[in-house]
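*Asks:*
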Amino acid sequence: MDPPLDPHHLVALMHKTIGHHHHNVSRHEDVVEQVVGGIIDDSNTNRRTFPILDALASISVSEPRRQVVALALQLRSQERRIRLTIAENDDVKDSLVPYLTRVWGKLRALSDEYAGQRAAGADPQRLDGFRGDSPSIPPDVGLSLRVDIFREIFQYTMQKNQRRGGKWRHRFAALIRQLHKVRGGNLHGLEKELESAFFGLERAYRLLSKQSLTEEDWQRIMAIMSVAADRAKLITEDNWTCEMLANELKDPEPVPFPLRRALAKLTSQYRHFFTLVAFAHSPRLRLAFECDLSIDTVPKSPYRSVQLPSSAAQWKSIIDNICRGDYRGGEDWPDQEAEDLASVFQTPAFSARIHCECALIEYLENNTGESRRGGNAGGSGIAESRNAVSGSASSRSVAGRGAASESAASGSAAARGAASRGAASGSAAGGRPRGRGRGGRGGGDGRGGRESGLSGSSESDDMRSVPAFSYIGVSKLSCSPCRIWINAYNSLGGPKFYTRGSHGKWYWPWGMPGLEAQQLRTRVVQAICHEYIEHQRSHNRLRNAFDSTDASSQGAQVPTDSGGKEMAESDASAFGPLFYGSEAS
1 MDPPLDPHHL VALMHKTIGH HHHNVSRHED VVEQVVGGII DDSNTNRRTF PILDALASIS
61 VSEPRRQVVA LALQLRSQER RIRLTIAEND DVKDSLVPYL TRVWGKLRAL SDEYAGQRAA
121 GADPQRLDGF RGDSPSIPPD VGLSLRVDIF REIFQYTMQK NQRRGGKWRH RFAALIRQLH
181 KVRGGNLHGL EKELESAFFG LERAYRLLSK QSLTEEDWQR IMAIMSVAAD RAKLITEDNW
241 TCEMLANELK DPEPVPFPLR RALAKLTSQY RHFFTLVAFA HSPRLRLAFE CDLSIDTVPK
301 SPYRSVQLPS SAAQWKSIID NICRGDYRGG EDWPDQEAED LASVFQTPAF SARIHCECAL
361 IEYLENNTGE SRRGGNAGGS GIAESRNAVS GSASSRSVAG RGAASESAAS GSAAARGAAS
421 RGAASGSAAG GRPRGRGRGG RGGGDGRGGR ESGLSGSSES DDMRSVPAFS YIGVSKLSCS
481 PCRIWINAYN SLGGPKFYTR GSHGKWYWPW GMPGLEAQQL RTRVVQAICH EYIEHQRSHN
541 RLRNAFDSTD ASSQGAQVPT DSGGKEMAES DASAFGPLFY GSEAS
């Protein structure tokens, strides 16, 4: 009888076989069509994606490389309390909790601005219990707060953005120059939109590289990025044009420039920012900003010691165990693959890290109590929880906001923004006691210094009984081993979790979480074996290949304040002669 297969051995096998190439998986799951105030919703399915959580995870990445963030949400709506639990592939950075506290406080102030604007309208009650499309975001309401939030996010993520810009801008510029040359300077339609998007992005990234920026600079950058993201969305929605242009203009490069991906990457941080603005504007999700926020952090998971097979014979035994000898006649690829594996993994001992989305699920499993066994809150969500709280959104107040908060709530946008900036230097940085799941109270609303330290109190214990939402926000698509582990975990019954999708890559080293239920381990092994078999079949080593499908993501509509669009258009147009002129200099 063959010995049981080790999931770590199988992940190493798939890493060598497939590596960082995209495997045959959909990058996104259950894509639906309607965007409602920052949440994609479809009444025909109980699966939803929460761009809000993905946006919060993405704006939490400050390091230029290797930092990945995952976060989960718990909501106790009747008590108006909300908790974010954050995990990273490494230790959660000390600066992250106070930073997210400041962002949340400013979003709350912005939400109050929008609520006040709606309350002053002709029919302020019409949005009570609202479930349809959110009304259009008024471009001039809360402008100073939006600029403040934009600055907060882009300053914190500056290193990441600079690296991203450095990776894509040079080749993007070469493509635009080539396009301009081939067309003789006469660009029309989507090609003109592409040029405009590039000019805007290039101008914005150059401004961001300045040593010091004024309030006017930040407002200008935000407006330019808004228009550029709008133009980029037009291009990326027409994937055929992207592919045709990239192939036509690839010379002298052997591989076409990944134009669609470049546009998505260069505008991603702005799109995350706008998702959060849409969140603050949404009447349906207003309840979230009437809750006290706390933030819990997952301790860094210990590395797992993994011992891989040390000889080609041992690797060949694993391959035979997976494929059961179902090879095509005369094929010697299993022997060659075993030799390659032994060569690649000459040092068989590894310390394997548990990736953050899996570590987060494991932490929730161990720290949210037995109530999760009966299900979880992923199907309800913030909007549905409104029904549990009486009164209209505009009239409810949260206990503990205090007189300063109430005063700021009635003030102007500028006053609220100033109070928000003042709260940024509050006690969050110093009020985060160490311990299991290092907690930090993130209750600052940005308008009166509501931040305080979270001790191991009854509040923390109370939240243990609250099931987390099914959807986990991630700053990066999950790898294939994490996707398989999460699916296996979900198949066991009880609570289920999912992310926005997988990029299909197989990373090594990869550590399996310590939830050692034998059934979970068995299902992970079965799933990886299945994918290995299908991969070999697709290469005619076992049978004919099969086709896979891919799904596309959605963007968000981007409003620009009155006059801002014209300014941004002018800014981008003026940059054109400078850009093309630099070719002659």
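For the sequence shown, full-length UniProt numbering begins at 1 and goes up steadily by one. All C-beta atoms, glycine included, are put in the ideal place defined by N, C-alpha and C. Predicted model only: the values in this text are computed from it and were never measured.
Do residue 175 and residue 259 have their C-beta atoms closer together than 8 Å?
*Replies:* yes
*Asks:* On a Cα-Cα basis, can you pick out the residue from 193, 362, 283 that is closest to residue 496?
*Replies:* Taking residue 496 as reference, the option from 193, 362, 283 with the minimal CA-CA separation is 362.
*Asks:* Could you tell me which residues DSSP puts in a beta bridge with residue 307?
*Replies:* 349
*Asks:* DSSP on residue 462, reduced to helix/strand/coil?
*Replies:* Three-state result, residue 462: helix.
*Asks:* If you drop the 5 nearest sequence neighbours on each side, which residues of the same chain put their C-beta closer than 6 Å to that of residue 512?
*Replies:* 7
*Asks:* Determine, using beta-carbon pairs with one atom in the segment 521-532 and one in the segment 471-478, whether at least three such pairs fall under 8 Å.
*Replies:* no
*Asks:* Helix, strand or coil for residue 19 per DSSP?
*Replies:* coil
*Asks:* Hey, which unbroken runs of the beta strand (DSSP E) at 3 residues or more fall wholly within the segment 478-544?
*Replies:* none
*Asks:* What are the start and end residues of the beta strand (DSSP E) that includes residue 313?
*Replies:* Premise fails: residue 313 lies in the alpha helix (DSSP H), 312-323, not in any beta strand (DSSP E).
*Asks:* Quick check on residue 182: does DSSP put it in helix, strand or coil?
*Replies:* helix
*Asks:* Give me the DSSP bridge partner(s) of residue 471.
*Replies:* 498
*Asks:* Based on the DSSP secondary-structure assignment, which residues constitute the bridge partners of residue 69?
*Replies:* 88
*Asks:* With H, G and I counted as helix, E and B as strand and the rest as coil, what does DSSP make of residue 340?
*Replies:* helix
*Asks:* My parser needs the alpha helix (DSSP H) runs of 4 or more residues fully inside the segment 172-222; what are they?
*Replies:* 189-208
*Asks:* In whole angstroms, give me the CA-to-CA distance for residue 252 and residue 183.
*Replies:* 17 Å
*Asks:* Assign residue 163 to one of two classes, buried (16 or more other C-beta atoms within 10 Å of its C-beta) or exposed (fewer than that).
*Replies:* By the neighbour-count rule (16 or more Cβ atoms within 10 Å), residue 163 is not buried but exposed.
*Asks:* Can the beta-carbon of residue 498 be found less than 8 Å from the beta-carbon of residue 53?
*Replies:* no
*Asks:* To which residues of the same chain is residue 63 closer than 7 Å at the C-beta, ignoring the five residues directly before and after it?
*Replies:* 159, 160.
*Asks:* Ordered along the chain, which non-local residues of its own chain (more than five positions away) have a Cβ less than 7 Å from that of residue 520?
*Replies:* 488, 489, 492
*Asks:* Flag this pair as touching only if the segment 12-21 and the segment 331-348 have three or more C-beta atom pairs under 8 Å; answer yes or no.
*Replies:* yes
*Asks:* Is the separation between the beta-carbon of residue 103 and that of residue 153 shorter than 8 Å?
*Replies:* Yes; because the gap between Cβ atoms is below 8 Å, this pair is in contact.
*Asks:* Starting from the C-beta of residue 547, find all residues in its chain whose C-beta is less than 7 Å away, skip the five residues before and the five after it, and write them out in chain order.
*Replies:* Confidence at residue 547 is low in this model, with a pLDDT of 35, below 50, so its placement is unreliable and the value that follows should be read with caution. Non-local beta-carbon contacts of residue 547 in its own chain, meaning distances under 7 Å to residues more than five positions away in sequence, are absent.
*Asks:* Buried or exposed, going by whether 16 or more other CB atoms sit within 10 Å of the CB of residue 65?
*Replies:* Under this definition residue 65 is an exposed residue.
*Asks:* Which residue or residues does DSSP assign as beta-bridge partners of residue 285?
*Replies:* The partner list for residue 285 (beta bridge, DSSP) is empty, contrary to what the question assumes.
*Asks:* Give me the DSSP bridge partner(s) of residue 52.
*Replies:* According to DSSP, residue 52 bridges with nothing at all.
*Asks:* Near residue 198, what residues of its chain come up, given a Cβ to Cβ distance below 7 Å and the 5 sequence neighbours on each side ignored?
*Replies:* 172, 176
*Asks:* Would you kindly check if the distance between the Cβ of residue 481 and the Cβ of residue 353 is under 8 Å?
*Replies:* Cβ atoms of residue 353 and residue 481: not closer than 8 Å.
*Asks:* Since residue 473 and residue 70 should fall inside the 8 Å C-beta cutoff, what is the C-beta to C-beta distance between them, to a whole number of angstroms?
*Replies:* 7 Å
*Asks:* Excluding five sequence neighbours on each side, which residues of the same chain lie with their C-beta closer than 7 Å to the C-beta of residue 90?
*Replies:* 300
*Asks:* From which residue to which residue does the alpha helix (DSSP H) around residue 297 run?
*Replies:* Looking at the DSSP string, residue 297 is not in any alpha helix (DSSP H); the run it does join, the beta strand (DSSP E), is 292-297.
*Asks:* How is residue 82 classed by DSSP in three states: helix, strand or coil?
*Replies:* strand
*Asks:* Grouping DSSP H, G and I as helix and E and B as strand, with all else coil, what is residue 75?
*Replies:* strand
*Asks:* Residue 368 and residue 467 - do their beta-carbons sit closer together than 8 Å?
*Replies:* yes
*Asks:* When you compare the CB positions of residue 82 and residue 73, do they come within less than 8 Å of one another, or not?
*Replies:* yes
*Asks:* Using the Cβ count rule (16 or more neighbours within 10 Å means buried), how would you classify residue 196?
*Replies:* buried
*Asks:* Taking just the CA atoms, how far does residue 205 sit from residue 156?
*Replies:* 15 Å
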